[in-house]
Amino acid sequence: GKPPRQLIQLTKEELSSMNMKCYETMIGRKSNNELLEENGFVPSSLLTSFIHRISYNADDLFLLKKRFTTYHAANSFYCYAFNQIELQTPSQMIFGKSSGKIAISEPKLFHALRPVRSGYQGPITMQILDELERIEYEKKRSIPFRLTPNFVDLMGLIGLHGLFAGVVTSCSMAIKSNADKIESLIGQLIRDEYFEQKQIASQKSTQLLSDQHSREKFINYSLQLQLEAKNTQELVMLKIESLSSHAKVIDLPRTEKDNFGLDDLNENDSSHWVKVGQTLIPEHFLRLQVTKPDLPQEFNRKVFNLIDMALDDTRRGQ
Numbered sequence: 039g040k041p042p043r044q045l046i047q048l049t050k051e052e053l054s055s056m057n058m059k060c061y062e063t064m065i066g067r068k069s070n071n072e073l074l075e076e077n078g079f080v081p082s083s084l085l086t087s088f089i090h091r092i093s094y095n096a097d098d099l100f101l102l103k104k105r106f107t108t109y110h111a112a113n114s115f116y117c118y119a120f121n122q123i124e125l126q127t128p129s130q131m132i133f134g135k136s137s138g139k140i141a142i143s144e145p146k147l148f149h150a151l152r153p154v155r156s157g158y159q160g161p162i163t164m165q166i167l168d169e170l171e172r173i174e175y176e177k178k179r180s181i182p183f184r185l186t187p188n189f190v191d192l193m194g195l196i197g198l199h200g201l202f203a204g205v206v207t208s209c210s211m212a213i214k215s216n217a218d219k220i221e222s223l224i225g226q227l228i229r230d231e232y233f234e235q236k237q238i239a240s241q242k243s244t245q246l247l248s249d250q251h252s253r254e255k256f257i258n259y260s261l262q263l264q265l266e267a268k269n270t271q272e273l274v275m276l277k278i279e280s281l282s283s284h285a286k287v288i289d290l291p292r293t294e295k296d297n298f299g300l301d302d303l304n305e306n307d308s309s310h311w312v313k314v315g316q317t318l319i320p321e322h323f324l325r326l327q328v329t330k331p332d333l334p335q336e337f338n339r340k341v342f343n344l345i346d347m348a349l350d351d352t353r354r355g356q
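For the record, in the sequence shown the residue sitting at position 177 is 215 according to the numbering used here, with numbers rising by one throughout.
As structure tokens, this is what we get:
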């Protein structure tokens with residue numbers, strides 16, 4: 039080993055070489071999964087362990103995890119709708135230890151939205167959007183939002199498949215139910231982003247505007263930005279609506295004997311009742327309760343598909 043003072047003088051290439059040698063040494067004696075789990079740079083339980091240490095009691099821990107899951111779900115909804123995945127990285131996210139709130143430090147709508155819209159030519163329907171996204175995600179080049187192993191470990195699978203998925207769907211339903219008001223606000227936000235780019239282009243070409251060709255080129259560029267802003271607004275609203283667009287309501291599986299009310303129950307028939315503690319519960323109530331966990335996945339199937347994509351290890355490194 040070198041003295042600590044000399045470590046400061048190491049170049050980036052030397053550090054990369056040292057890391058690679060260490061990686062090759064470890065990979066020779068462990069599998070990829072074991073290496074990632076045991077010798078990765080950040081253990082998946084690091085954030086959870088930190089939160090446990092700073093929490094005063096179980097109540098504070100529960101509330102913080104709930105708020106963290108809620109805010110991260112809302113940010114993930116925004117990230118998917120406005121294509122902000124490149125900015126939703128741990129280094130760009132601000133986390134409040136006491137409140138559990140999460141914020142993205144530097145959202146950049148124009149640079150994130152423009153390449154997305156460029157891939158979708160012409161009018162887009164819900165079916166076309168689903169097909170284009172399926173093709174894009176099959177290439178395993180991107181993820182819809184950020185679900186790092188540390189985030190998942192803190193939220194837990196119950197929080198991920200319950201509160202997280204529910205908040206994403208609720209955000210979509212809330213905007214869709216007030217689309218006539220919110221769509222104009224989203225459109226104004228997007229137009230402001232594109233207008234800023236037009237102003238930058240105008241400042242760069244001020245000295246050239248005396249030339250007729252340069253003037254026409256700038257006008258065409260301005261019209262192109264206006265059209266892109268309108269198309270982008272339509273795309274964003276369609277992506278938002280797709281998170282709560284359900285073709286049908288899944289019926290609970292029932293048999294003929296399930297289709298009776300409380301008046302049809304026989305108090306003396308023990309097969310109609312189940313004792314829970316000191317209370318008798320109708321037996322068919324419990325059988326219906328067993329089928330209810332299937333409903334959320336059917337209700338917002340696309341959200342669960344996006345969660346699966348975000349959890350794919352082959353995409354997380356993109």
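Glycine included, every Cβ here is placed at the ideal spot set by N, Cα and C.
What residue range is occupied by the uninterrupted beta strand (DSSP E) comprising residue 133? 131-133
Collapsed DSSP secondary structure at residue 181 in the structure displayed: coil
Are the region 95-113 and the region 197-210 in contact at 8 angstroms, needing three or more beta carbon pairs? yes
With DSSP as the reference, identify every bridge partner of residue 320, one or two as the case may be. According to DSSP, which records beta bridges pairwise, residue 320 is partnered with 311.
Using DSSP bridges, identify the partner residues of residue 141. 132
Residue range of the alpha helix (DSSP H) that residue 174 falls in? 164-176
Looking at the secondary structure, which residues open and close the alpha helix (DSSP H) in which residue 202 lies? Note, residue 202: premise wrong, no alpha helix (DSSP H); not H, not E.
Please state whether DSSP places residue 280 in a helix, a strand or coil. helix
Tell me which residue opens and which closes the alpha helix (DSSP H) that residue 338 is part of. Premise fails: residue 338 is in no alpha helix (DSSP H) and is neither H nor E.
Taking only three categories from DSSP, how would you classify residue 126? coil
Roughly how many angstroms separate the alpha carbons of residue 332 and residue 339, rounded to a whole number? For residue 332, the pLDDT reaches just 46, beneath the cut-off of 50, and the residue's location in the model is therefore unreliable, leaving the point undetermined.
Closest to residue 86 by C-alpha separation, out of 135, 166, 211, would be which residue? Checked all of 135, 166, 211; the closest Cα to residue 86 is 135.
Short CB-CB distance (under 7 angstroms) between residue 91 and chain C: The structure shown contains no chain C; it holds only a single protein chain.
Beta-carbon separation (whole angstroms), residue 101 vs residue 89, contact threshold 8 angstroms: The Cβ separation is near 11 angstroms, so there is no contact.
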